Amino acid sequence: MRKYIYLFLKLFAITLFLVGCNGTGNSPKKSLNIENSNKTSNSLSKIELNDRIYYLAKPSTGFDANKAYKLLLVFHGSRQGARRMKSVANFESASEDYIVVYPQSQVEEWNEGCDCNKPHRLGIDDLGFVEALVADVKSKYNIIENELYGAGFSQGGLFVQNLMCNSNLKFTALASVASPMSKQLSQQCRIENNTNYLMVHGKNDSVLPFMGLEHSNFGLISSEQAINIIAKENGIETEVKVDIGEDMSTLIFENDSNINKLVALERGQHSWHFTNFNSTNEILHFFNSVSALPLDQFSSLYRINKTTPLDVHVRSMGLEHDGPAVILLSGFNKNYHSDSAWFSLLQPLIAKTHRVHAIERFGNGFSSMVAEPAYASFAPALDQTLAALNEEAFIMVSFASGNLLAHTWQNSSDSTLVDKLTDLVWIDPDVLQPHSISLYQDYPVSWYRDVQESLMPHIEQGNWTERTLVKLENEKTEMEALIAPEYSEDMDWPYFNLISQRRANIPNQLNRAIEVINYHDDLAIAYSYDINLTVPITVIDSDFESIDIAEADEQYVERLTLWQQEGITWSKAISEKTGGQYIPLENSDHMVVFQNPAVIIKAISELN
């Protein structure tokens, strides 16, 4: 805090600080229950960097060196110190998604950009320190690209504003608690990297007042003035939205790219904790809402390439169980959508009895984007992901064209973990026979391949977004109709919506188109491998082709009928030869994972 505050309110500030550390005694609504958590936080690691110090905290629930994490920097207030800030905020106990760093100021406070305090007079380069700190952490840990966050309390919050105005770093989002804005910084602030920003301030703050402070050297503007200036600097020109409640009021500035928000707490004082407002949880909620990777509680990213950072999204459930794990691999539906949204019902059901991991190919879910996404090319990454999961044995369950990945991985000479594979379950697999392959490779796959040079720019310009959204809405309606009432409570609609809606993003649309183009060669590669007879293959075979046959023009009926017959014969044969089961389904939709999950679970339970 500035010198004049301590001369005037030394004892009062100490009292308020203790409130900030220990809370108000109230029980605010929590998204993650950090105050009542029985989990203990990892002790801080003290890191020396040149002549400076920072403290690093890993997720209290456990750190996995194979995973990739978001990076969160948390700045203490004046004379507070990094270790005390950690005890106040405790972010590492509230989320498994972040490596949390608590930097230590070189003197009592930060060079906040007001050109008015001790670190400024001493020439301390706190902006440079933070840049060096971020580079140091990235050199030692798997940090997700473009997922850098910062939060600060009191004078640390003023420094967060300096980072936003003057740092070369690009933050996804920043947050400050109990910090208005220095008058000098407000006049000099020029934000080059537009940033999401959450400002939290109690209206009864008498240390750094909500209404600002008139002073010749240490002047503060009000928090409402600050959020207006910051929003404008962040390129947000839309009209402010005002939400006035009994305990708090909110000013929201938002455009298509960024959101800046002020939460004003009516009776809030100079504290991190407030009645009915948990700053730690609310900041994390805000960060997650603006993140390109809003991971749910079961999702993690595994770093499988450190040179060119590539991360694989894995959703893991039922980890309390023993025995072989279940690996889920998704495949195409009729719209060539293929991600873990298809397992939003099946995975929670399997997790009641098994550990179960849904693994996303590149460009699907939250996995990294690559130039040429394909089933075959993902096989090495699948092997590396399985190694990171460190399961002693596993059953691999694939849906639709996901069997191309399972089959290619199983037969690749580069795969190192095939000996841990106990069983394969193929749900409506792609039929690896000549007639069926020619059918798969025909329209629309052939059309995608013919027009790909013009198609990619067309998609990139947003011309397919509206039609994609319509398809997504129709798909959801179809799945709702397929799910039996007894599974309504098991269906994870929030996750389904989270993942399926990502398909409408332009990069995901492009990824899907390239996967369809590469599907032609994926089929050929998979067909080149003989069926491995050493691992039992259970095939669950719906008769969805019958609907296609019934609705087809007469000229296509014979070809579609042969496809169905070839599939039945082939599926029966590979099940018999490998010692698996052949399970036919009558009057069934292709989306067996929603309509008939009990059949899949029964098949898994009957495996030796």
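By the working numbering, the letter at position 440 of the sequence shown is numbered 897, and the numbering carries on one by one without gaps.
Here a beta-carbon is modelled for each residue, glycine too, at the ideal position from N, C-alpha and C.
Every value quoted in this text rests on a predicted model; they were computed, and no experiment measured them.
Where P993 sits in the DSSP three-state scheme: Position 536 of the sequence shown, counted from the first residue, corresponds to residue 993. Coil, per DSSP.
Tell whether a beta-carbon distance below 8 Å holds between A551 and N738. In the sequence shown, the residue the question calls residue 551 occupies position 94. In the sequence shown, the residue the question calls residue 738 occupies position 281. For A551 and N738, yes; Cβs fall inside 8 Å.
Using DSSP bridges, identify the partner residues of L708. Walking along the sequence shown from the start, residue 708 turns up at place 251. As a beta-bridge residue in DSSP terms, L708 pairs with V699, L719.
Taking the C-alpha atoms as reference points, what is the distance between T764 and Y526? Position 307 of the sequence shown holds residue 764. Position 69 of the sequence shown holds residue 526. When only Cα atoms are considered, T764 and Y526 end up about 16 Å apart.
Report the partner residues of M853 according to the DSSP bridge assignment. For this step, residue 853 is matched to residue 396 along the sequence shown. As computed with DSSP, M853 is found in a beta bridge with I784, L881.
Which one of I716, V927, E703, D554 has the shortest CA to CA distance from Q754? For the purposes of this step, residue 754 is taken as the residue at position 297 of the sequence shown. Q754 has its Cα closest to that of D554, out of I716, V927, E703, D554.
In the structure shown, what three-state DSSP assignment does N619 receive? Taking the first residue of the sequence shown as 1, we reach residue 619 at position 162. The DSSP-derived three-state label of N619 is helix.
So the beta strand (DSSP E) H778 belongs to, where does it begin and stop? Residue mapping note: residue 778 aligns to position 321 of the sequence shown, counting from 1. Boundaries cannot be given for H778, as no beta strand (DSSP E) includes it and DSSP labels it neither H nor E.
For a test of the three-state rule: what should DSSP assign to R760, helix, strand or coil? Position 303 of the sequence shown, counting from 1, holds the residue named residue 760. In this structure, R760 counts as strand in the three-state DSSP scheme.
Since Y793 sits in a beta bridge, which residues does DSSP pair it with? As a position in the sequence shown, residue 793 is number 336, starting the count at 1. Bridge partners of Y793: none, in fact.
From this set, I648, E696, G613, which residue's C-alpha is nearest S624's C-alpha? To locate residue 624, count along the sequence shown from 1; it is residue 167. Nearest of I648, E696, G613 to S624, Cα basis: I648.
R820 to I581, Cα distance in whole Å? For the purposes of this step, residue 820 is identified with residue 363 of the sequence shown, where counting begins at 1. For the purposes of this step, residue 581 is identified with residue 124 of the sequence shown, where counting begins at 1. For the sequence presented, residue 820 should be read as Gly rather than Arg. If you take the alpha carbons of G820 and I581, they lie about 43 Å apart.
By DSSP's criteria, Y559 is part of a beta bridge. Which residues make up the other side? Within the sequence shown, the letter at position 102 stands for residue 559. Partner(s): Y512.
How is M638 classed by DSSP in three states: helix, strand or coil? As a working mapping, residue 638 is identified with position 181 in the sequence shown. M638: strand per DSSP, three-state reduction.
Going by Cα to Cα distance, which pick from N685, L528, L584, E703 is closest to N599? For the purposes of this step, residue 599 is identified with residue 142 of the sequence shown, where counting begins at 1. The residue with the shortest Cα to Cα distance from N599 is L528.
Going by the CB atoms, is the gap between L642 and E588 shorter than 8 Å? As a first step, residue 588 is located in the sequence shown; it is residue number 131 there, counting from the start. As a first step, residue 642 is located in the sequence shown; it is residue number 185 there, counting from the start. No, the pair does not count as a contact, with Cβ atoms beyond the cut-off.
Between L620 and the rest of its own chain, which residues show a CB-CB distance below 8 Å, the 5 nearest in sequence each way excluded? For the purposes of this step, residue 620 is taken as the residue at position 163 of the sequence shown. Residues of the same chain with a CB within less than 8 Å of the CB of L620, apart from the 5 flanking positions on each side, are L584, V587, G607, L626, F628, L631 in chain order.
Tell me which residue opens and which closes the alpha helix (DSSP H) that K524 is part of. As a working mapping, residue 524 is identified with position 67 in the sequence shown. From DSSP, K524 is part of no alpha helix (DSSP H) but of the beta strand (DSSP E) over 524-532.
Validate contact between the region 957-966 and the region 974-992 using beta carbons, cut 8 Å, 3 pairs: At 8 Å Cβ cutoff, the stretches do not touch.
Quick check on H742: does DSSP put it in helix, strand or coil? Taking the first residue of the sequence shown as 1, we reach residue 742 at position 285. Residue state, collapsed to three classes: helix.
The beta strand (DSSP E) enclosing F823, as first and last residue numbers: Taking the sequence shown and counting its residues from 1, the one referred to as residue 823 is at position 366. Following the DSSP letters along the chain, one finds F823 in no beta strand (DSSP E), marked with neither H nor E.
Spatially closest choice to E777 from S756, V813, K791, Y793, by CA coordinates: Against the sequence shown, residue 777 aligns to sequence position 320. Here the closest residue by C-alpha is V813.
Same chain, Cβ closer than 7 Å to S1028, five either side skipped, listed in chain order: Position 571 of the sequence shown holds residue 1028. Result list for S1028: V996, D998, Y1039, in chain order.
When you measure from the CB of P914 to every non-hydrogen atom of the ligand SAH, does any distance come out below 7 Å? Absence of the ligand SAH is noted for the structure shown, with no ligands found whatsoever.
Taking the alpha carbon of F416 as the reference point, which residue from S706, P886, K689, E946 has its own alpha carbon closest? Any property of residue 416 remains undetermined from this structure, which presents the chain solely from 458 to 1065.
P805 by DSSP, collapsed to three states: which one? The residue given as residue 805 occupies position 348 in the sequence shown. Residue state, collapsed to three classes: helix.
Test item: CB-CB of F616 and F532 under 8 Å: For this step, residue 616 is matched to residue 159 along the sequence shown. For this step, residue 532 is matched to residue 75 along the sequence shown. In this structure, F532 lies closer than 8 Å to F616 by Cβ.
Tell me which residues share the same chain as P516 and place their Cβ nearer than 6 Å to its Cβ, disregarding the 5 neighbours each side in the sequence. Taking the sequence shown and counting its residues from 1, the one referred to as residue 516 is at position 59. Only E549, E553 meet the Cβ criterion.
How long is the line joining the alpha carbons of M774 and L530, rounded to whole angstroms? The count along the sequence shown starts at 1 and reaches residue 774 at position 317. The count along the sequence shown starts at 1 and reaches residue 530 at position 73. C-alpha separation (whole angstroms): 29 Å.
Can you grab the Cα-Cα spacing for the pair L501 / Y512, in whole Å? Position 44 of the sequence shown holds residue 501. Position 55 of the sequence shown holds residue 512. Taking the Cα positions, L501 is about 6 Å away from Y512.
Opposite N653 in the DSSP bridges: which residues? On the sequence shown, position 196 is the one that residue 653 refers to. Its beta-bridge partners are A630.
Determine the burial state of D508: buried for a count of at least 16 other Cβ atoms within 10 Å of its Cβ, exposed for fewer. For the purposes of this step, residue 508 is taken as the residue at position 51 of the sequence shown. Around the beta-carbon of D508, fewer than 16 other beta-carbon atoms lie within 10 Å, marking it exposed.
Tell me which residues share the same chain as E602 and place their Cβ nearer than 7 Å to its Cβ, disregarding the 5 neighbours each side in the sequence. Here residue 602 refers to the residue found at position 145 of the sequence shown. Closer than 7 Å at the Cβ level, and outside the excluded window around E602, lie P766.
Quick one: any contact between the region 822-837 and the region 971-982, if contact means 3 or more CB pairs under 8 Å? Taking one beta carbon from each stretch, the region 822-837 and the region 971-982 have 3 or more pairs nearer than 8 Å; the two touch.
From the DSSP output, in three-state form, read off V908 for me. Against the sequence shown, residue 908 aligns to sequence position 451. If DSSP states are grouped into helix, strand and coil, V908 belongs with the helices.
Neighbour-count burial assignment, I884, 16 or more Cβ in a 10 Å radius: Translated into positions along the sequence shown, residue 884 becomes position 427. Buried, by the Cβ-count rule.
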